Amino acid sequence: MAAVDVFMDSAGFLALWDMGDEHHAAAVTLQAELTRKRRRFFTTEYVVDETITLLLVRHSHAAAVDFLDTIERSESLRLEWIGPDRFHAAGKLFRKHEDKEWSFTDCVSFATMHELQVRDAFTTDHHFKQAGFVPLLKS
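With our numbering applied, the sequence shown covers 6 to 144.
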């Protein structure tokens, strides 16, 4: 992986997907800018799961299916599968940082980003900054 990679978090996906999200316009602009700069996007199956669930609860089954279909067809988004090593690395992070309100999905994201040496996250989630990464969408 290289510095040109950008990790897509569920907060970023929601900002892109939900026109009512307060960060929607900024997310659309940022995605276009990063694409123009030939930045590459990736995420994990944990983030896809989290996003589908959030879309289902906040919007509808149809919105969740539309997101899933788009992810499965996308040629501009790489899906990184967790596997046992990343799962255990995330577990170590989760156990170590009881002082933080990081979800296990956050820890999976952080472990994957650390392993792949990626700093930038398409998110508004301040937990990424706490973990030493750069959230590209300002909250």
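Glycine included, every Cβ here is placed at the ideal spot set by N, Cα and C.
These figures come from a predicted structure and were not determined experimentally.
Exclusion of the five residues before and after L19 leaves D26, T56 and L59 as the residues of its chain whose Cβ lies within less than 7 Å of its Cβ. Here the alpha carbon of A95 sits roughly 11 Å from the alpha carbon of W107. Looking at the DSSP output, T48 shares a beta bridge with L84.
In the three-state scheme derived from DSSP, where H, G and I count as helix and E and B as strand, A136 is classed as coil. In terms of CA proximity to V123, E85 leads the group E85, F99 and D104.
In the DSSP secondary-structure assignment, V11 is bridged to F46 and D125. When DSSP states are grouped into helix, strand and coil, D23 belongs to the coil group. Bounds of the alpha helix (DSSP H) holding H29 are H29 to R41. Taken through DSSP and simplified to helix, strand or coil, S65 comes out as coil.
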